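Numbered according to the numbering used here, the sequence shown spans residues 574 to 1053.
First comes the structure, then the notes that go with it.
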Amino acid sequence: MDEQEIVEKLKDLNFTFEPSENERKHYLSQIENYTSEFYTALPNLPTYSPTGYSTEADDNFLKVENTDDFNAILAYIKERIDSHGLQPASGGHLGYIPGGGLYEAALGDYLAAVSNQYSGVSYASPGAVRLENSLIQWVGKIVGYAQGFAGNLTSGGSIANLIAINTAKHNKQINSQNVRESVIYTTQQTHHSLLKAIKLTGLDECVVRVIEMDETYSMLTNAFEKTVVEDVRNGLNPFLVISNAGSTDVGAVDPLEEISNIAKKHDLWHHVDAAYGGFFMLTEAGRKTLKGIEQADSIILDPHKGLFLSYGSGVVLVKDGLKLKNAFSQEANYMQDTVGEYDWSPADLSPELSRPFRGLRMWLPLKIHGVGKFSQCLDEKLLLANYFYVKIKALGFETGPKPALSVVLFRYVPSNAEANAFNKAVVANIHHCCKVFISTTSIDNVFWLRVAILSFRTKRHEVDVLLGHLKEYMATVKAA
Ligand SMILES: *Cc1c(COP(=O)(O)O)cnc(C)c1O
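This is the structure we're talking about:
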């Protein structure tokens, strides 16, 4: 091809993806309608509809062919996506650990995607990286870290845990020579994302101990220390203990301060999983419950749980920031321009290079509402959990431990039926009724119902709906 031919061909290809101003306005007004309809419908949407159908028409619609009908696209999202499965944005979502979905977080995502700031590297977007680093500083201060810590905004708690575990591995120099005699301490309540992280980092070749817990599902520190001492005596290499600041399963909080003391004494890395519980540090009650968290070597938190953001936000913090940097920074010849007098970059503190500018979705809601409102909302969740705990007992249900944070275990123990089967029927009935959603767990073959209160949309009304439904159900069952 000669130059002239190339120029002619380029003329043919001279189309643009850029929408006109009118087209943009059209999209945005349709999206605004969609948003309003969603928010209007939300209080009455089922919290759970078992995934139903997929018709041939649905499959055809999913084929990536162009269409002029933006409305049809929004209709598909509404009817075929938003109306099935769990409704995580609902205040009636009381299962697993509820997420959030603050509107301002969606706007942050939108703005970040429009300018597409390259937030991985300070050289490329000093402003974006500075904003993210200031959020990391803010979260660090919340958990009580003083100075010299570093962290990263991740896509969620699982990746945050992975980063922390890899940092512990690197810092404690676990390698092919010593991995098999190295020891990690967990409990039965350790989140499975940490077991995944252990697998991903090759640490599943270590000895992984599951330490006994007390009746509140908190690690027994005597048992922990005794095991460490025995392991050392037997020539093993204890290097990592993982504790919970609010386990997903039952909301358990381990004795963080004591675990840190033991970890220091025996030279172990102490990692605290505060994905669910961490932001309760914004409340006075939470600070009491999570006392000593600031002693940990690494901590993770999930803003898409405790700060009510939409999914895609985790935080990892490492007390000695250099340890995080040493575990992740890597040079590359084509990155030479980026090295210099810049702020620490996310790309040097995590496995990611190109990544969304996720700081904006977190900063915008905080900036608009102020931190105080988040503290108040979290206080409300603690109170609602206590309210449910008291009320469900009064209905004759057995409960798990008094809620350390906002998860309550409960079950009914009938005199004339098998308890596990009975409670399975209770939850099936609740899922059928659809007004609120709860989930379940099994511990030592005991089937528990569980309520987890964390959505900013959950108010006393939703808790009362659940209590009312349970009361009615019990009356029907007893009458039968
Ligand atoms: C949610 C959660 C995780 C996993 O976080 P994701 O954001 O879902 O990846 C880890 N640990 C605990 C305690 C959690 O509640």
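Quick reminder that beta carbons are idealized off the backbone N, C-alpha and C, glycines included.
Note that the coordinates shown come from a computational prediction; the quantities given were computed from them, not determined experimentally.
query, result
"The region 737-746 contacting the region 894-913, beta-carbon criterion three pairs below 8 Å", "yes"
"Beta-carbon contacts of residue 962 that lie in its chain and below 7 Å, excluding the five residues immediately before and after", "972, 975, 976, 981"
"Residue 823 in three-state terms, based on DSSP", "coil"
"Rounded C-alpha distance that separates residue 632 from residue 1016", "41 Å"
"Member of 641, 620, 577 whose CA lies at the smallest distance from the CA of residue 596", "641"
"Touch test, the region 832-852 against the region 869-876, Cβ-Cβ under 8 Å, three pairs minimum", "yes"
"Inter-stretch contact (C-beta, 8 Å, three-pair minimum) for the region 952-968 and the region 916-936", "no"
"Minimum C-alpha distance to residue 792 - residue among 845, 873, 812, 804", "845"
"Heavy atom of ligand 1 within 7 Å of residue 718 beta-carbon", "no"
"Residue environment, residue 648, which counts as buried when at least 16 other CB atoms sit within 10 Å", "exposed"
"Endpoints, the beta strand (DSSP E) within which residue 727 is located", "723-727"
"Spatially closest choice to residue 1042 from 1019, 609, 1011, 809, by CA coordinates", "1011"
"Meets three-Cβ-pair contact criterion under 8 Å: the region 1028-1044 and the region 664-671", "yes"
"Distance, residue 749 Cα to residue 1033 Cα", "54 Å"
"Heavy atom of ligand 1 within 7 Å of residue 664 beta-carbon", "no"
"Rounded separation between residue 883 and residue 736 - CA only", "21 Å"
"Boundaries of the alpha helix (DSSP H) in which residue 855 is found, first to last residue", "No alpha helix (DSSP H) holds residue 855; DSSP gives it neither H nor E."
"Test item, CB below 5 Å from any non-hydrogen atom of ligand 2", "By its list of ligands, the structure shown excludes ligand 2, since it contains just ligand 1."
"6 Å CB neighbourhood of residue 764 in its chain, flanking five on each side removed", "821, 846"
"Paired residues, beta bridge with residue 1020 - DSSP", "1015"
"Backbone secondary structure at residue 777 - three-state DSSP", "helix"
"Alpha carbon of residue 777 to alpha carbon of residue 771, nearest angstrom", "6 Å"
"Residue 782 (DSSP reduced to helix, strand or coil)", "strand"
"Residue 850 beta carbon less than 8 Å from that of residue 885", "no"
"Straight-line gap, residue 629 to residue 622 (C-alpha atoms, nearest Å)", "21 Å"
"Exposed unless 16 or more other CB atoms sit within 10 angstroms - verdict on residue 530", "The shown model of the chain, from 574 to 1053, leaves out residue 530, and the question about it has no answer."
"Nearest to residue 1004 (by Cα), restricted to the options 685, 675, 932, 666", "666"
"Spatial distance of residue 656 from residue 601 (CA atoms)", "22 Å"
"Nearest neighbour of residue 769, chosen from 841, 732, 751, 747 [CA to CA]", "732"
"Residue 658 - partner residues in DSSP beta bridges", "622"
"Neighbourhood of residue 708 by C-beta, 7 Å cutoff - its chain only, sequence neighbours within 5 removed", "726, 932, 935, 936"
"4 or more residues per run - each alpha helix (DSSP H) lying fully within the region 888-965", "894-901, 932-942"
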